[in-house]
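Going by the numbering used here, the sequence shown opens with residue 207, and the numbers climb by one from there. We put the beta carbon where it would ideally sit given N, CA and C, even for glycine. Predicted, not measured: the structure shown is a model, and the values here were computed from it. All remarks here apply to the structure that follows.
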Amino acid sequence: MSTLFHSIKEDHEEMYEYHDQYKRAWDRNDVDAQTRWARQLTWEIARHAVGEEIVVYPLMEKYLGDKGRELADHDRKEHQEVKEKLYQLESLKPGSEEYHALLTTVMESLHHHNDDEEIKDLPMLEPVIGESTSKEAAQSFKKTKKLVPTRRVTNFGVTHPSIPNKPPFGTLLGLLEAPVDKLKDWFAAFPTESEMKEAKEELKHRDHDAAAGR
């Protein structure tokens, strides 16, 4: 059974893989593939953010005291900034320079955010909560991600930027609102099964080491 650190890191690796797939599609000027991988990426970002806001940040606040509350508030602020960029992305056209530039900015922000979690937040939290609680939290994190409304009926699956991030309003209200928030026009295509299979194979061979700066 995975620890919380490994579950979070695994999600980070998926984001990087989907973005790599998007970049390859950009390099070969395949707009359809760009659109599919961008949708897959933003859906994963949304599910990941909800899981952290429901499971991880409350643990930091509970077990790490004032420092934990400071870190959690900082992480929520960074999530909010990413969500706002995803909403901006919605108004842009895949394949355009503007779309590509904004998605690049989103990933730059996420790399910084994810590295902070892997280098500072989780290494500080896990020794305090212990291996058993860490594994239980990892399971809760994975289950919570499954509660996010289906990718085919949400607006990137993300909470609207106007909704506060702090539980219970930031995530639970967002989950309730998402199916009706700009529902139409979002029965969009996602990567095909074969494309997802290839990406998962690549995931087996990649390891972004935040601590080592790679």
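Inset, instruction - Pull up the distance between the alpha-carbon of residue 215 and that of residue 233, whole angstroms please. - result: Working through the sequence shown from its first residue, we reach residue 215 at position 9. Working through the sequence shown from its first residue, we reach residue 233 at position 27. One C-alpha to the other measures close to 27 Å.
Inset, instruction - Closer than 6 Å by C-beta to residue 274: which residues in its own chain qualify, once you throw out the five before and the five after it? Chain order, please. - result: Residue mapping note: residue 274 aligns to position 68 of the sequence shown, counting from 1. A distance below 6 Å between beta-carbons, with the five flanking residues on each side excluded, links residue 274 to the following residues of its chain, in chain order: 266 and 267.
Legend entry - Close-in-space but distant-in-sequence residues of the same chain around residue 335 (CB under 6 Å, 5 per side omitted): Working through the sequence shown from its first residue, we reach residue 335 at position 129. Once the five neighbours on either side are set aside, the close Cβ partners of residue 335 are 269.
Inset, instruction - Answer yes if the segment 275 to 285 comes into contact with the segment 293 to 308, meaning at least three C-beta pairs across the two stretches below 8 Å, and no otherwise. - result: no
Inset, instruction - Closer than 7 Å by C-beta to residue 373: which residues in its own chain qualify, once you throw out the five before and the five after it? Chain order, please. - result: For the purposes of this step, residue 373 is taken as the residue at position 167 of the sequence shown. Because residue 373 carries a pLDDT of 46, less than 50, the predicted location of this residue cannot be relied on, and no value is offered for it.
Inset, instruction - Would you kindly check if the distance between the Cβ of residue 237 and the Cβ of residue 350 is under 8 Å? - result: Taking the sequence shown and counting its residues from 1, one reaches residue 350 at position 144. Taking the sequence shown and counting its residues from 1, one reaches residue 237 at position 31. Taking 8 Å as the Cβ cut-off, residue 350 and residue 237 do not qualify as a contacting pair.
Inset, instruction - Out of 225, 327, 252 and 221, point me to the one whose CA is closest to residue 163's CA. - result: Residue 163 is absent from the structure shown; the chain starts at 207 and stops at 420.
Inset, instruction - Run the CB neighbour count on residue 327, radius 10 Å, all protein chains shown included, and call it buried at 16 or more, exposed below. - result: Within the sequence shown, residue 327 is the residue found at index 121, counting from 1. Counting Cβ neighbours within 10 Å, residue 327 comes out buried, since at least 16 surround it.
Legend entry - Closest by C-alpha distance to residue 218, when choosing among 333, 318 and 292: Within the sequence shown, the letter at position 12 stands for residue 218. If we check each option's Cα against that of residue 218, 318 comes out closest.
Inset, instruction - Output the distance between the C-alpha atoms of residue 304 and residue 221, rounded to the nearest integer angstrom. - result: By 1-based counting over the sequence shown, the position of residue 304 is 98. By 1-based counting over the sequence shown, the position of residue 221 is 15. In a straight line, the C-alpha of residue 304 is about 20 Å away from that of residue 221.
Legend entry - Residues of its chain near residue 386, where Cβ-Cβ distance is below 7 Å and the 5 sequence neighbours each way are ignored: Walking along the sequence shown from the start, residue 386 turns up at place 180. Only weak support exists for where residue 386 lies, its pLDDT of 31 falling under 50; the coordinates are left without a value.
Inset, instruction - Please work out which residues of its chain come closer than 7 Å, Cβ to Cβ, to residue 213, disregarding the five sequence neighbours upstream and downstream, and give them in chain order. - result: Taking the first residue of the sequence shown as 1, we reach residue 213 at position 7. The answer, listed in chain order, is 344, 347 and 348.
Legend entry - Distance, residue 242 Cα to residue 249 Cα: As a working mapping, residue 249 is identified with position 43 in the sequence shown. As a working mapping, residue 242 is identified with position 36 in the sequence shown. Whole-angstrom Cα-Cα distance: 11 Å.
Inset, instruction - Return yes when the Cβ of residue 405 is within less than 8 Å of the Cβ of residue 290, no when it is not. - result: One-based indexing of the sequence shown puts residue 290 at position 84. One-based indexing of the sequence shown puts residue 405 at position 199. In this structure, residue 405 does not lie closer than 8 Å to residue 290 by Cβ.
Legend entry - Beta-carbon separation (whole angstroms), residue 312 vs residue 288, contact threshold 8 Å: Numbered from its first residue, the sequence shown carries residue 312 at position 106. Numbered from its first residue, the sequence shown carries residue 288 at position 82. So it is a contact: roughly 6 Å between Cβ atoms.
Legend entry - Between the CA atoms of residue 321 and residue 227 - distance to the nearest angstrom: Working through the sequence shown from its first residue, we reach residue 227 at position 21. Working through the sequence shown from its first residue, we reach residue 321 at position 115. Rounded to whole angstroms, residue 227 and residue 321 show a C-alpha spacing of 21 Å.
Legend entry - Residues of its chain near residue 209, where Cβ-Cβ distance is below 8 Å and the 5 sequence neighbours each way are ignored: As a working note, residue 209 is residue 3 in the sequence shown. Taken in chain order, the residues that qualify are 332, 337, 340, 341 and 344.
Inset, instruction - Quick one: using the 10 Å Cβ neighbour count with 16 as the cut-off for buried, is residue 231 buried or exposed? - result: In the sequence shown, the residue the question calls residue 231 occupies position 25. Buried, because 16 or more other Cβ atoms sit within 10 Å of the Cβ of residue 231.
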